[in-house]
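Asks:
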């Protein structure tokens, strides 16, 4: 019998064990990849469900149902005493809903003396018709005594019924739209008088208790004021602090403590900044509540850590050779920083600033604490006037009981998401466009 060397036998035993270990590692890697794909798929599925839900409920908010009526601007209704030349306020106080109701009754063939039918007509047109017709007369008093076609808004319930958001097959007692109103709606639709138009009021109207006359005009202006304030204050302060910490400050325990606190501030919940703004800006300094200026200050405090961290990272990414070359050619440290380092770090700084602004634009909690949840119907003329913001307007509509406010809320979420996506895409494009690899 031939003797087999012991080392040969040990190698033969080790190879199967090694093969088994390799197979186990490969199997673990495959499982890890599968788990990763599953996790990403679940995340994308939830994201798709969220977007589909928001879009399906909100896209109809961009359309509004109106009735085109020949409005007779009767002088006997608007200015029966003929005092508008000396007292223009009579044009504001006129009974404009009567003009709209008279035109609608004529279009439907309803006898004004038929009180039961006239009562059923109530709630068909929006109460905002008063403002629509008043603004027409105030802008051009010469329309008095003439007849013009005007697109009058329908009430929120009729708007929902026209869009198919109300089940008309259920019993009349269980829905807010009567059978008679449905009959009139079908007649006006067949005549081509009742139709949907693009809802410009969603972008121009202020706060209102009626869904059909509610819009985001005040919220858009308030958000614009706040973003300008954040940009004007947070960018120079954040960049200056970053330059000092990265290029001029000595590395010691004090600067280490500052860096730790900046990183901690970036992770602090936004509501804490709201409490700080309430305590300092409103209670201590006596600044006005609901003002975009105070909101901008609060969001500036919240955005500063993000800008400082992003700016320091952009400055640190510039190679030391740039610094050495500038100093070697005789530039001072100030010239080296502002003429060489800062221009090269500008793309990263700009990206961090845009991301910080996008985060500030979507914040709600700190603005609620400083009173920006107030009911504001008029446009703010200055940042010190009462205003609200886009996320706060969404929050306010979410608390309303009427069905039509849900539609408005979803439409506002779509607009806010579009703004946030545009800002983030801009940051990505700028980073890739100006990014330098050293």
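Numbering (UniProt numbering), first residue to last: 1 to 438.
Idealized CB from N, CA, C, for every residue including glycine.
The structure presented is a predicted model; accordingly, all values stated were derived computationally and were not measured.
Using 8 Å as the threshold, is the C-beta distance between residue 280 and residue 366 below it?
Replies: no
Asks: Assuming residue 386 contacts residue 374 under a Cβ cut-off of 8 Å, what Cβ separation, rounded to an integer in Å, is found between them?
Replies: For residue 386 against residue 374, the beta-carbon gap comes to about 6 Å, under 8 Å, which counts as contact.
Asks: Indicate whether residue 226 and residue 128 have their beta-carbon atoms separated by less than 8 Å.
Replies: no
Asks: Answer yes if the region 313-322 comes into contact with the region 344-355, meaning at least three C-beta pairs across the two stretches below 8 Å, and no otherwise.
Replies: They touch, by the three-pair rule.
Asks: Is the region 303-310 touching the region 228-236, taking contact as three or more C-beta pairs under 8 Å?
Replies: The region 303-310 vs the region 228-236: in contact.
Asks: Where in the region 49-137 do unbroken runs of the beta strand (DSSP E), each at least 3 residues long, occur, reported from the N-terminal end onward?
Replies: For the region 49-137, whole beta strand (DSSP E) runs of length 3 or above, ordered along the chain, are 63-72.
Asks: Could you give the C-beta distance for residue 377 and residue 420, rounded to a whole number, given that I count them as a contact under 8 Å?
Replies: Between residue 377 and residue 420 a beta carbon distance of about 26 Å is seen, past the 8 Å cut, so the two are scored as non-contacting.
Asks: Could you give the C-beta distance for residue 390 and residue 220, rounded to a whole number, given that I count them as a contact under 8 Å?
Replies: 7 Å
Asks: Can you tell which of 354, 363, 430, 311 has the C-alpha that lies nearest to the C-alpha of residue 341?
Replies: 311
Asks: Taking DSSP's pairing of strands, which residues face residue 150 in a bridge?
Replies: 69
Asks: Here's the rule I'm using: 16 or more other beta-carbon atoms within 10 Å means buried, otherwise exposed. How should residue 172 be labelled?
Replies: Exposed, because fewer than 16 other Cβ atoms sit within 10 Å of the Cβ of residue 172.
Asks: Since residue 74 and residue 99 are thought to touch, with beta carbons under 8 Å apart, how far apart are those beta carbons, to the nearest angstrom?
Replies: 7 Å
Asks: On the three-state DSSP scale, how would you describe residue 363?
Replies: coil
Asks: Going by beta-carbon coordinates alone, are residue 137 and residue 91 separated by less than 8 Å?
Replies: yes
Asks: What residue from 427, 110, 133 has the CA that sits closest to residue 122's CA?
Replies: 110
Asks: At which residue ranges does the region 146-194 contain complete beta strand (DSSP E) runs of 3 or more residues, listed in the order of the chain?
Replies: Along the region 146-194, the beta strand (DSSP E) occurs as fully enclosed runs of 3 or more residues at 147-153, listed in sequence order.
Asks: Are residue 155 and residue 125 touching if we call contact CB-CB under 8 Å?
Replies: yes
Asks: In the DSSP assignment, what residue or residues form a beta bridge with residue 197?
Replies: Residue 197 pairs with 64.
Asks: Measure the alpha-carbon distance for residue 1 versus residue 37 and round it to whole angstroms.
Replies: Low per-residue confidence applies at residue 1: pLDDT is 48, beneath 50, and the placement is therefore not dependable enough to give any value.
Asks: What is the rounded straight-line gap between the Cα of residue 85 and the Cα of residue 147?
Replies: 21 Å
Asks: Helix, strand or coil, according to DSSP, for residue 317 in the structure here?
Replies: coil
Asks: For residue 291, write down the residues that DSSP places opposite it in a beta bridge.
Replies: 386
Asks: Note down, in chain order, each residue of its chain lying with its Cβ closer than 6 Å to the Cβ of residue 290, except the 5 sequence neighbours on either side.
Replies: 371, 372, 374, 386
Asks: Taking the alpha carbon of residue 105 as the point to measure from, which residue in 187, 251, 49, 41 has its own alpha carbon closest?
Replies: 187
Asks: Mapping DSSP to helix, strand and coil, what is residue 1?
Replies: Its pLDDT being 48, under 50, residue 1 is placed unreliably in this model, and the coordinates cannot settle the point.
Asks: Let's see if you can read the secondary structure: which residues bound the alpha helix (DSSP H) around residue 339?
Replies: From DSSP, residue 339 is part of no alpha helix (DSSP H); its letter is neither H nor E.
Asks: Between 174, 224, 411, which lies nearest to residue 383 when the distance is taken from Cα to Cα?
Replies: Comparing Cα-Cα distances from residue 383 to each of 174, 224, 411, the minimum goes to 224.
Asks: Indicate whether residue 364 and residue 392 have their beta-carbon atoms separated by less than 8 Å.
Replies: yes
Asks: Using 10 angstroms around the beta-carbon of residue 160, count the other beta-carbons present and answer buried if the total reaches 16, otherwise exposed.
Replies: buried
Asks: Check residue 268 in the structure and name its three-state DSSP category.
Replies: Note: residue 268 maps to coil in three-state DSSP.
Asks: Would you decide whether residue 43 is buried or exposed? Buried here means 16 or more other CB atoms lie within 10 Å of its CB.
Replies: exposed
Asks: Using the C-alpha atoms, what's the distance from residue 54 back to residue 89?
Replies: 44 Å
Asks: Please list, in chain order, all residues of the same chain as residue 158 whose beta carbon is under 7 Å from its beta carbon, the five residues on each side excluded.
Replies: 65, 124, 177, 181, 185
Asks: Does the beta-carbon distance from residue 206 to residue 218 come in below 8 Å?
Replies: yes
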